[in-house]
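Per this note's numbering, the very first residue in the sequence shown carries number 1005; after that it's consecutive.
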Amino acid sequence: MPSEKLNDFSPYLLHEKIFLTCRKAPDKTALKSSEYADNFFTYKDIEKVTPRIASLLENKGVKLQGKVGLLAENRPEWGIAYLSILCAGGVVVPFDPALKPAELANLLKLSKINWLFISEKMSSQLGQTIDFTGNNIETI
1005 MPSEKLNDFS PYLLHEKIFL TCRKAPDKTA LKSSEYADNF FTYKDIEKVT PRIASLLENK
1065 GVKLQGKVGL LAENRPEWGI AYLSILCAGG VVVPFDPALK PAELANLLKL SKINWLFISE
1125 KMSSQLGQTI DFTGNNIETI
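Next up, the structure:
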């Protein structure tokens, strides 16, 4: 049986290691916004919300090694989305929010993702410049 030490080299997946920390320090702050003091998540929050989002992804068809894009500015929800994708067994395909629309459209096509986590801010900035449905990409 693997040890639950955080500094050992047991064969845990990244999200499993983080869940160990969630159980050891549930009330500590795990992720917080540099812009808004009241925008933060405790480890307990992460352990609660991540499996729910992972379940949503599985219900949408994400399977083991399924590619899920992630397009968002640097904020706590980015980390939650990242962990949720891993928890669902998916592969995270991060996209730089500073990309120009034409560059992003090209990378979306080349990446062959079927799902894309996109923040409201990025979605409104891109507006109608990128046709996600034309690439068979479901936005989340």
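Backbone N, C-alpha and C define an ideal beta-carbon position, used for all residues, glycine too.
Per-residue DSSP class, three states only, for residue 1036: Correct three-state label for residue 1036: strand.
N-terminal and C-terminal residue of the alpha helix (DSSP H) that residue 1071 is part of: Not the alpha helix (DSSP H): residue 1071 falls in the beta strand (DSSP E), residues 1071-1075.
Reference residue 1073; option with closest CA among 1022, 1032, 1112, 1127: 1112
CB of residue 1215 within 7 Å of CB of residue 1101, strictly: Nothing in the structure corresponds to residue 1215, since the chain is present only between 1005 and 1144.
C-beta neighbour in chain C for residue 1068, strict 7 Å: The structure shown contains no chain C, having only a single protein chain.
Cβ-based neighbour list, residue 1036, same chain, cut-off 8 Å, excluding 5 preceding and 5 following: 1043, 1044, 1045, 1080
Alpha-carbon spacing of residue 1063 relative to residue 1057, whole angstroms: 10 Å
Identity of the residues DSSP links to residue 1098 by a beta bridge: In the DSSP secondary-structure assignment, residue 1098 is bridged to 1074.
Separation of residue 1049 from residue 1128, as counted between CA atoms: 27 Å
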